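Just below is one structure, and these are the notes that go with it.
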Amino acid sequence: MTTLVRHITFDCSDAHGLASFWAEVLEGSISEDDFPGDPEALVTTPGGPTLLFVTVPDKKTVKNRVHFDLQPQDRTRDEEVERVIALGATLVADHRQPDGRGWVTLADIEGNEFCVERSAGERAATA
153 MTTLVRHITF
163 DCSDAHGLAS
173 FWAEVLEGSI
183 SEDDFPGDPE
193 ALVTTPGGPT
203 LLFVTVPDKK
213 TVKNRVHFDL
223 QPQDRTRDEE
233 VERVIALGAT
243 LVADHRQPDG
253 RGWVTLADIE
263 GNEFCVERSA
273 GERAATA
């Protein structure tokens with residue numbers, strides 16, 4: 153027997169709103185059964201995990217214990233940071249180094265932290 157991770161679930165204030173943000177970031181799609189105001193929203197990502205967003209009454213109060221580390225595949229880290237900020241993310245901390253290494257910590261539209269790392273191409277160029 154095998155156990156699989158079926159979804160990665162986020163508690164949030166607005167399931168559809170946060171799902172819309174992550175669907176754009178990950179170039180995925182929201183289930184056609186999910187609409188604004190629904191208590192849950194499901195995002196399918198190409199080749200990746202399924203994300204489930206569930207509206208809860210509690211507000212986020214502390215730093216995430218688990219977070220995503222994103223690695224862009226067809227653009228640079230810096231291009232991805234700019235793209236995701238344009239979608240509504242906010243800068244939390246910039247850990248980029250002068251030699252090109254490092255990462256950027258951002259927060260999604262509800263304050264959940266995530267990081268953007270260098271692409272595989274950028275890593276290979278500095279190896």
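Just remember that my numbering sits 152 ahead of the position in the sequence shown, which is counted from 1. Backbone N, C-alpha and C define an ideal beta-carbon position, used for all residues, glycine too. Since the structure is predicted, the reported quantities are computational estimates derived from the model, not experimental observations.
Given a cut-off of 8 Å on the beta-carbon distance, is the pair F187 and H159 in contact? Stepping through the sequence shown from its first residue, residue 187 is reached at position 35. Stepping through the sequence shown from its first residue, residue 159 is reached at position 7. Note that the C-beta distance between F187 and H159 is not below 8 Å.
Just grab the DSSP bridge partners of Q161 for me. Locating residue 161 in the sequence shown gives position 9, where the first residue counts as 1. A small correction: the amino acid at residue 161 is Thr; Gln does not occupy that position in the sequence shown. In DSSP, T161 forms a bridge with L204.
Confirm, please, whether the CB-CB distance from F162 to F220 is below 8 Å. As a working mapping, residue 220 is identified with position 68 in the sequence shown. As a working mapping, residue 162 is identified with position 10 in the sequence shown. The answer is no: Cβ separation not under 8 Å.
Please name the residue in A276, L156, N264, S165 whose C-alpha comes closest to that of D210. Counted from its first residue, the sequence shown places residue 210 at position 58. That would be S165, whose Cα lies nearest to the Cα of D210.
Tell whether a beta-carbon distance below 8 Å holds between S271 and T228. Here residue 271 refers to the residue found at position 119 of the sequence shown. Here residue 228 refers to the residue found at position 76 of the sequence shown. Yes, Cβ-Cβ distance for S271 and T228 is below 8 Å.
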